[in-house]
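Before any comments, here is the structure.
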Amino acid sequence: MTVTNQAVGLHHVAYACKDVEATHHFYEDLMGFELVHTEIEQFDRGGYFRHMFYDVGDGTCIAFFDLHGVGEKTDWNSAISKGNGLPVWVNHIAFKATEERQDEVKQRMTADGVAPLMEVDHGWCHSLYYVDPNGIMVEFCRDTPGFVPDPTVARELLTAPEPRATPATATE
-12 MTVTNQAVGL HHVAYACKDV EATHHFYEDL MGFELVHTEI EQFDRGGYFR HMFYDVGDGT
48 CIAFFDLHGV GEKTDWNSAI SKGNGLPVWV NHIAFKATEE RQDEVKQRMT ADGVAPLMEV
108 DHGWCHSLYY VDPNGIMVEF CRDTPGFVPD PTVARELLTA PEPRATPATA TE
């Protein structure tokens, strides 16, 4: 099936954050994503939010909402996966990287006392996984040279029966 009305790219992905300063430090100082825009929206009925945008490359952004009385529950959880009873690695965001960029981020993280949660060679890509201050899994992923996507095999596996082998174990 060929789709002709594809998007021209990803503008931004937005998450809620609990700690603006820790989130800013993680994404700008450690990940190297520049803060490029912040807006504050005040509601007539009371409350406000701050919306911060960090450029991850090519104008694509990751954004965060700092919420203050705009309808959020008092006990809301920013850790999307864990908050829904799932392993932390299920809902995550993966940033495309080069080996050099992965090394730079790993060095900054290590210097700040942050170790990768996992480092995985998937065969078709190599990934470093971190958990941000909001409990969100962040992946830095580089493609394996020479990997060629195979949509036919991908579609076959989409509807394949459950595997009979022992499932792989992933770190939470």
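Residues -12 to 159 (the numbering used here) make up the sequence shown, in order.
No residue lacks a Cβ here, since even glycine has one placed at the ideal position from N, Cα and C.
Quick caveat: nothing in here was measured; it's all calculated off a predicted structure.
Practice task
Ignoring anything shorter than 4 residues or poking outside the segment 47 to 115, list the alpha helix (DSSP H) runs there in chain order.
Solution key: Whole alpha helix (DSSP H) segments, 4+ residues: 67 to 70, 86 to 98.
Exercise for the section: Run the CB neighbour count on Asp119, radius 10 Å, all protein chains shown included, and call it buried at 16 or more, exposed below. Expected result: Taking the sequence shown and counting its residues from 1, the one referred to as residue 119 is at position 132. With 16 or more other Cβ atoms within 10 Å, it is buried.
Exercise for the section: Give me the Cα-Cα distance between Phe82 and Ser65, rounded to the nearest whole angstrom. Expected result: If you number the sequence shown from 1, residue 82 lands on position 95. If you number the sequence shown from 1, residue 65 lands on position 78. Approximately 20 Å between the Cα atoms of the pair.
Handout entry: Bridge-paired residues (DSSP) for Arg185
Key = Residue 185 lies beyond the stretch modelled for the chain, which goes from -12 to 159, so this question has no answer here.
Problem - Stretch-stretch touch, CB-based, cutoff 8 Å, three pairs: the segment 32 to 44 with the segment -4 to 13 - result: Yes: at least three Cβ pairs fall under 8 Å.
Handout entry: Rounded separation between Lys69 and Gly122 - CA only
Key = Taking the sequence shown and counting its residues from 1, one reaches residue 69 at position 82. Taking the sequence shown and counting its residues from 1, one reaches residue 122 at position 135. Each residue's Cα considered, the two are about 8 Å apart.
Practice task
Just the C-alpha distance for Glu21 and Val125, rounded to the nearest angstrom, thanks.
Solution key: By 1-based counting over the sequence shown, the position of residue 21 is 34. By 1-based counting over the sequence shown, the position of residue 125 is 138. Cα to Cα, Glu21 sits roughly 16 Å from Val125.
Handout entry: Three CB pairs or more closer than 8 Å across the segment 49 to 57 and the segment 90 to 108
Key = Not touching, per the Cβ criterion.
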